[in-house]
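K.L.:
Here it is, the structure, as structure tokens.
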Amino acid sequence: MLDIIKEEVKTVFERDPAARNLFEVLTSYPGLHALMLHRVAHFLWKKGDKSLARFISHINRTLTGIEIHPGATIGRRFFIDHGMGVVIGETTEIGDDVLLYQGVVLGGTSTEKRKRHPTIGNNVVIGAGAVVLGAITVGDNSRIGAGSVVIKPVPPCATVVGVPGRIVGETKREHIDLDHNRLPDPVADALRIIIEEQQKLEERLLTIENMEGLRCKIDDYFEQKKKELAKMFPVAAETKEGE
6 MLDIIKEEVK TVFERDPAAR NLFEVLTSYP GLHALMLHRV AHFLWKKGDK
56 SLARFISHIN RTLTGIEIHP GATIGRRFFI DHGMGVVIGE TTEIGDDVLL
106 YQGVVLGGTS TEKRKRHPTI GNNVVIGAGA VVLGAITVGD NSRIGAGSVV
156 IKPVPPCATV VGVPGRIVGE TKREHIDLDH NRLPDPVADA LRIIIEEQQK
206 LEERLLTIEN MEGLRCKIDD YFEQKKKELA KMFPVAAETK EGE
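Just so we're aligned, residue 6 is where the sequence shown starts under my numbering, counting upward by one.
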């Protein structure tokens, strides 16, 4: 048990650059406290003392703001960053080296007493506020973007964003990547394509207008609107500059 605690403390230092010393980690990290209490509750749950396991889980939720059902199976080097509002259901299975941020829900979609919560593979990162529902599998080395709602299985090495979640990329990484803010934005990409097509049409129309000596005042209005749109979706502009 002591070796497991040492490993989990080491994981905090590896995953959170804000961690400064051992005392701070042991006293001020609710994600670590929630995991240690869950280990105890899960042990009792497997031994058949389910009432006491649920009571410890309830105390865990009260102290940390993190709700982990004692029946959930969690692998090694698991880390919850910040953690407030995290909910992990009874039949959830989580692999090794998984990272969750605040507000993540690993929820069920059935009232039947069967497997009804997600199975999370190894080296998975799930961003803040993401929701994964049902008895689906999230493959190894995948990333779930913040605020996403995942209701379908996710293959290994995939990147998922949006509501409902859509696969927008792949990665072959085999280690935790904290830069989960650098995810593709399909909405911005679609807008970029529309703006590029619109620009081509405007250039063709301008050629015709110049030939005929025409110029509509409304063009200035649309030009201003285009500038406002570019400010609203800076990702699209950055993508275009990086091409």
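Don't be surprised by glycine CBs; every beta carbon is placed ideally from N, CA and C.
Just so you know, these numbers come straight off a predicted model, no measurement behind them.
1) Roughly how many angstroms separate the alpha carbons of Arg-59 and Lys-232, rounded to a whole number?
2) Just how far apart, CA to CA, sit Gly-53 and Gly-76?
3) If I follow the unbroken beta strand (DSSP E) through Ile-172, where does it start and stop?
4) Kindly indicate which three-state DSSP category Phe-83 falls into: helix, strand or coil?
5) With 16 as the cutoff for other CB atoms within 10 Å, does Ala-46 come out buried or exposed?
6) Which residues mark the beginning and the end of the beta strand (DSSP E) in which Thr-164 is found?
7) What's the C-alpha gap between Ile-99 and His-43?
8) Output the residue ranges of the beta strand (DSSP E) runs that lie fully inside the segment 123-163 and measure 3 residues or longer, sorted by chain position.
9) Which residues in the same chain have their Cβ closer than 6 Å to the Cβ of Arg-66, if we skip the five residues on either side of it in sequence?
10) Report all residues from its chain with a CB closer than 7 Å to the CB of Pro-158; omit the five preceding and five following residues, and keep chain order.
P.N.:
According to the structure data:
1) Along the sequence shown, read from residue 1 onward, the residue named residue 59 stands at position 54. Along the sequence shown, read from residue 1 onward, the residue named residue 232 stands at position 227. C-alpha separation (whole angstroms): 56 Å.
2) On the sequence shown, position 48 is the one that residue 53 refers to. On the sequence shown, position 71 is the one that residue 76 refers to. Between Gly-53 and Gly-76, the C-alpha separation is close to 11 Å.
3) For the purposes of this step, residue 172 is identified with residue 167 of the sequence shown, where counting begins at 1. Taken as a continuous stretch (DSSP letters only), the beta strand (DSSP E) holding Ile-172 covers 171-175.
4) Translated into the one-based positions of the sequence shown, residue 83 becomes position 78. The answer is coil: DSSP assigns Phe-83 none of H, G, I, E or B.
5) Position 41 of the sequence shown holds residue 46. Buried is the call here.
6) By 1-based counting over the sequence shown, the position of residue 164 is 159. Counting along the chain, the beta strand (DSSP E) containing Thr-164 begins and ends at 163-166.
7) Here the question's residue 99 lines up with position 94 in the sequence shown. Here the question's residue 43 lines up with position 38 in the sequence shown. Their Cα atoms are separated by approximately 13 Å.
8) 136-138
9) For the purposes of this step, residue 66 is taken as residue 61 along the sequence shown, with counting starting at 1. Cβ within range, chain order: Glu-72.
10) Taking the first residue of the sequence shown as 1, we reach residue 158 at position 153. Cβ neighbours of Pro-158 beyond the five flanking positions: Ile-141, Thr-142.
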